[in-house]
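S.K.: Quick one: the structure is below, questions incoming.
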Amino acid sequence: MLEKEPKIVVVVGPTASGKSDLAVLIAKKVNGEILSADSRQVYCGMNLGTGKITKKEMNGVPHHILDVVNPWNSFSVSRYKKMGRKIINEIIARGKTPIVCGGTGHYIEALVEGLVIPEVKPDKKLRKSFENKTTEELSKILKKLDKKRWETIDQHNPRRLVRAIEIATHIGSVPQKQYDPLPYKTLWIGVSKDADELKNRIHIRLLSRIKKGMIKEIENLHNGKLGKPVSWKKLDDFGLEYRYVSRYLRGLLTKEEMIIQLEKEIINFSKRQNTWFKRNKSIQWINNKNGIEEILNSNS
RNA sequence: GCGCAGGUGACAGAGCGGUCAAUUGUAUCAGACUGUAAAUCUGACGCCUAUCGGCUACGGAGGUUCGAAUCCUCCCCUGCGCA
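Letter by letter, the first sequence follows residues -13 to 286 of our numbering.
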């Protein structure tokens, strides 16, 4: 085994599992810098609702890809991958270890495993024109444009269908799925918690976030206190805290309903995250900070 | 205790003579994932069976009917109104 081969560490797991703390701990041990892999923490001003790590919690460890875009602008996996790759190279050039930490599987797949994203930018006009089409209609359109992709795509998913049509109209067809993985040795660590404990952590964390002013944070986003107002639609699309708190602010839910529904959604989300990570057989699962030392040593 | 409204699968809540193991939502379980990914989407969900199919079910007990979750009788229970 090559001694000096650059290595990266990837810490994954469902929301509220304690990834961020663990990543900081690892960073301290291996002289690392952290790259967040979270599709919501990239936005400025979305802190409490996303559970973004605080300066204090960072404990001196540099963190990247947090607060890189304003919430009224859009972001994408593709941009994430480009930014992340650049930063990883810089960290390695500095002789340090990149630690990717987050719960957005798709982003990690692009950044680390190298899922190649077709170079077709979102076409707002096209998307708008398909807004009112039924799923069946979209499916038919795709079938005509790109039979091959049509055969494998989820026929019921309008969002995917639109994207596939978008790619096909711009470059003829959807290219085959391919990967350009990072050329570094990768250590995958997953943080797992048993279902009841995770639920409990989610519950406690939600109440604490509300107490710290999460509702105000979201109200400010919509009121434009950060520069430009973020539309209700956009907040709804951010999901979870942003979706349910904004529905409460709009008077669509009572505070109690908001909390109950939101908590359920967070739990469901954590299950979806688990489903995603489960298929990556390289991940070594641990349920607390103990034993992390062994994993780091045995794989170095 | 008289009046009215009800009792349906884990819960909510449709169905009101056959096409009902029973619409739908929630919960639960499993899954997908090519520039929105905390988004978006799929499947299973009474019991037995690989499948065909079989069995038990709509508060309880009877009854009418070729056939009842659906109609009738009595009983039990719940909510609201009047006492």
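Think of the CB as a built atom: it goes at the ideal place given N, C-alpha and C, for glycine as much as any other residue.
Can you name the start and end residues of the beta strand (DSSP E) that K(-7) belongs to?
M.R.: -7 to -2
S.K.: Using 8 Å as the cut-off, can you tell me whether the stretch 4 to 23 makes contact with the stretch 102 to 119, which would need three or more C-beta pairs spanning the two stretches below that distance?
M.R.: no
S.K.: What did DSSP end up calling G176 once you bin it into helix, strand or coil?
M.R.: strand
S.K.: How about the stretch 104 to 120 and the stretch 156 to 166: do they share at least three Cβ pairs that are nearer than 8 Å?
M.R.: yes
S.K.: Go through the stretch 162 to 249 residue by residue and report every complete run of the beta strand (DSSP E) that reaches 3 residues or more, in order.
M.R.: 171 to 177
S.K.: Rounding to the nearest angstrom, what Cα-Cα distance links I39 and V216 in this structure?
M.R.: 22 Å
S.K.: Within 10 Å of its beta-carbon, does G35 have 16 or more other beta-carbons around it, so buried, or fewer, so exposed?
M.R.: With a threshold of 16 other beta carbon atoms within 10 Å, G35 meets it and is buried.
S.K.: Apply the 10 Å Cβ neighbour rule to Q27 and answer buried if 16 or more other Cβ atoms are within range, or exposed otherwise.
M.R.: buried
S.K.: With DSSP run on the structure shown, which of helix, strand or coil describes E(-11)?
M.R.: Low confidence applies here, because E(-11) scores a pLDDT of 47, under 50, leaving its location unreliable; read the following figure in that light. The answer is coil: DSSP assigns E(-11) none of H, G, I, E or B.
S.K.: Secondary structure at H156, three-state DSSP: helix, strand or coil?
M.R.: helix
S.K.: Just how far apart, CA to CA, sit Q141 and L147?
M.R.: 7 Å
S.K.: Could you tell me which uninterrupted beta strand (DSSP E) segments, each at least 3 residues in length, are contained entirely in the stretch 68 to 97, listed from first to last along the chain?
M.R.: 83 to 87
S.K.: Looking only at its chain, what residues have a beta carbon closer than 6 Å to the beta carbon of E227, apart from the 5 residues adjacent to it on each side?
M.R.: G35
S.K.: Should the stretch 120 to 128 be regarded as contacting the stretch 74 to 82, the criterion being three or more beta carbon pairs within less than 8 Å?
M.R.: no
S.K.: I'd like the span of the alpha helix (DSSP H) that includes E137, first residue to last.
M.R.: Segment 133 to 138, the alpha helix (DSSP H) holding E137.
S.K.: Locate the alpha helix (DSSP H) running through L112, then write down its first and last residues.
M.R.: 110 to 115
S.K.: If contact is defined by three or more beta carbon pairs under 8 Å, each pair taking one atom from either stretch, is the stretch 2 to 15 in contact with the stretch 42 to 50?
M.R.: yes
S.K.: Below 8 Å on the Cβ atoms is my guess for K67 versus A96; work out the distance and round it to an integer in Å.
M.R.: 4 Å
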